[in-house]
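Novice:
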Amino acid sequence: MQTESSNNPDRRCAFYLQHRKRNCHLSVSKGFQYCAEHAHQNNKPVVKPRVECPYDPNHSVWVHRLKKHLKICNSRPKDKPVYYQQSVNIDSALEDYTGKTELASFSPEEIKEIIRKIKLVEEAHLLDSEESVLGHEALSIELANDVNGASARKHLDQLASILGNMEAWNLFTPDTCFVEFGAGKGRLSQWIFDVVAELPNTHFILVDKKNVRHKRDLHHKEVRQNLSMERLIIDIQDLALHRVPAIRDDRNKPIVGYCKHLCGTATDLALRCLFPKITELSNGPESPSTLKPCVKGIAMAMCCHHCCNWNSYVGKEFLKLHGFDRCEFEAIIRLSSWAVCGSRPGHGDEDRACHKETSNNDAEEGKETLTSSIGLTIHEREEVGRMCKRLLDAGRMDFLQRNNMQTKLVRYVRPDVTKENILILARREVKDSNQ
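Mapping to UniProt numbering: the sequence shown position 377 is 377, numbers consecutive.
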């Protein structure tokens, strides 16, 4: 049995939390040194051992209560919804790869050749983007509020410009289904709620992999009785959009997909979700071509290109057309991190947070010797990173154009707001030029 520490009069847990740099604040039972959550991590035997929950290793449970816990655990598997189709948005032609992955494994000559080929694509004006820093009246009051600090102001500037560009691209129309990917708290949708509040027959679908607290859409549902909105807790790779009841029951209703800083692979999964392959939609009697979502437009602010994955990336045909192979793709996604290095001052908050969490730190590990070998300055290294990002975005643009979409790549905020300042806009091509 554990013994109560003599210097612990408040009977607080003695377990030290490395990530918080303090002891656990939970109280302990009489005669114990550790709380129930950390008792199993102590080497000393305990009277009633605890084990990790089979559904979620982030919490533990008493062994004698495990059977009951599995029935009520919030992380327990739930019945799959009708729109669940495992890995439906993953490329069915998966490729095994055993080649180079770490940037340090590429020679300076190989990196120079990749950069040369990227510059050829740039010289063909295929990586161009135009500046389109706009605002929107929906956020004018919030932007004028002095309570918002510098960080909050940056987020509001981004939201205002995304809304401004969506409106300029004519994406706010009645009889439309708005789908936000990677919704999180739904802050972007919150402002779109306000913009289209008076438009008839609009519906919102917010998609996120996990449930989150303090969702903005809950407030709007309480104060707006006419708001038609639903939240789907599902991984984008498993989302068969044509099976969502709101879309299935009204297949001619135009869809507008949007997101703010949807990371790497998730952006490609969202595009595959909106434009699935016909062969993956249905095996039933109905023609699969009639099941494809009716996508009217897209507005996606992208980030974290270093997280892209070959098997889900939508621009493979574009890269192959310009002479890039799978091995070079692995180098390109890692070189893209040079554009938003978070180790120097003046970079946006999202950039620092995003790159602290990435597991692709091999780009950082190999860059000193590699860049010194190829003679790149910091500015030149950042420019190479930007070109790599735009190359990957150009592949996404090509994918949208193959799906009969008119596309445009814009810099929707200044770089001092966020280095991840590229927004891809797309809308359905129509023959009528007055559309």
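The beta-carbon is built from N, C-alpha and C at its ideal position, and this holds for glycine as well.
Tell me the rounded alpha-carbon separation between I332 and L66.
Specialist: 47 Å
Novice: Output the distance between the C-alpha atoms of E167 and K100, rounded to the nearest integer angstrom.
Specialist: 44 Å
Novice: Would you mind sorting A150 into buried or exposed? The rule is 16 or more other CB atoms within 10 Å of its CB.
Specialist: exposed
Novice: With 8 Å set as the bound, which would you pick, yes or no: does the beta-carbon of C177 sit closer than that to a beta-carbon of chain C?
Specialist: Of the protein chains in the structure, only one exists, and it is not chain C.
Novice: Starting from the Cα of F181, find the closest Cα among I141, T265, E109 and give me that residue.
Specialist: Measuring from the Cα of F181, the nearest candidate turns out to be T265.
Novice: Which residues mark the beginning and the end of the alpha helix (DSSP H) in which K80 is found?
Specialist: That residue, K80, is in no alpha helix (DSSP H); it is neither H nor E in DSSP.
Novice: Would S129 pass as a contact of V410 if the rule is Cβ separation under 8 Å?
Specialist: yes
Novice: What does the Cβ neighbour count give for S75, buried or exposed, with the cut at 16 atoms within 10 Å?
Specialist: exposed
Novice: Between which residues of its own chain and residue 436 is the CB-CB distance below 8 Å, once the five residues before and five after are set aside?
Specialist: Given a span of 1 to 435 for the chain in the structure shown, any question on residue 436 remains unanswerable.
Novice: Which residue or residues does DSSP assign as beta-bridge partners of H203?
Specialist: C177
Novice: State buried or exposed for G346, treating a residue as buried only when at least 16 other CB atoms are found within 10 Å of its CB.
Specialist: Because G346 sits at a pLDDT of 45, beneath the cut-off of 50, its placement in the model cannot be relied upon, and the point is left open.
Novice: How many Å lie between K30 and E37 at the Cα?
Specialist: Each residue's Cα considered, the two are about 15 Å apart.
Novice: Going by Cα to Cα distance, which pick from K21, R20, H19, F15 is closest to F32?
Specialist: F15
Novice: Go ahead and pull the three-state DSSP assignment for C24.
Specialist: Coil at C24, not helix or strand.
Novice: Rounded to the nearest angstrom, how far is the Cβ of G297 from that of R428, given a contact under 8 Å?
Specialist: 7 Å
Novice: Near R11, which residues of its chain fall below 6 Å by C-beta distance, leaving aside the five closest residues on each side in sequence?
Specialist: S27, V28
Novice: Return the Cβ separation of G385 and L335 in integer angstroms, given the expectation that the two are a contact with Cβ distance under 8 Å.
Specialist: 6 Å
Novice: Would you say G186 and K215 are within 8 Å of each other, going by their C-beta atoms?
Specialist: yes
Novice: Just to confirm the assignment, what range does the beta strand (DSSP E) spanning E52 have?
Specialist: 50 to 52
Novice: Start and end of the beta strand (DSSP E) containing E230?
Specialist: 229 to 233
Novice: If I'm right that residue 514 touches N201 with Cβ under 8 Å, what's the distance once you round it to whole angstroms?
Specialist: Past the boundaries of the shown model lies residue 514; the chain is included only from 1 to 435, so the question cannot be answered.
Novice: First and last residue of the beta strand (DSSP E) that includes A426?
Specialist: 422 to 428
Novice: To which residues of the same chain is S228 closer than 6 Å at the C-beta, ignoring the five residues directly before and after it?
Specialist: H203
Novice: Strictly by DSSP, which residues pair up with A301?
Specialist: K260, L423
Novice: For Q237, which of Q86, K389, H59, E420 has the nearest alpha-carbon?
Specialist: Of the candidates Q86, K389, H59, E420, the one whose C-alpha sits nearest the C-alpha of Q237 is Q86.
Novice: Check for me: the alpha helix (DSSP H) holding V384 runs from which residue to which?
Specialist: 378 to 402
Novice: Is the beta carbon of P293 less than 8 Å from the beta carbon of I255?
Specialist: yes
Novice: Do A299 and I162 have their C-beta atoms within less than 8 Å of each other?
Specialist: yes
Novice: Could you name the residues of the same chain whose beta carbon sits closer than 8 Å to that of N23, not counting the 5 residues immediately before and after it, in chain order?
Specialist: Counting only residues of its own chain and dropping the five nearest sequence neighbours on each side, N23 has a CB closer than 8 Å to the CB of R12, C13, A14, F15, Y16, L17.
Novice: Looking only at DSSP bridge pairs, what is I255 linked to?
Specialist: C177, V295
Novice: Can D268 and C308 be called in contact, C-beta distance under 8 Å?
Specialist: Going by C-beta atoms, D268 is nearer than 8 Å to C308.
Novice: For H261, which residues in the same chain have their Cβ closer than 7 Å to its Cβ, ignoring the five residues on either side in sequence?
Specialist: A301, C303, E350, E420
Novice: Report the residue from I422, M405, Q406, H25 whose alpha carbon sits nearest the alpha carbon of V413.
Specialist: I422
Novice: Return helix, strand or coil for L239, following the three-state DSSP convention.
Specialist: strand
Novice: Which term fits G323, buried or exposed, when burial requires 16 or more other beta carbons within 10 angstroms of its beta carbon?
Specialist: exposed
Novice: Judging by CA-CA distance, which residue of R381, K316, D250 is the nearest neighbour of G395?
Specialist: K316
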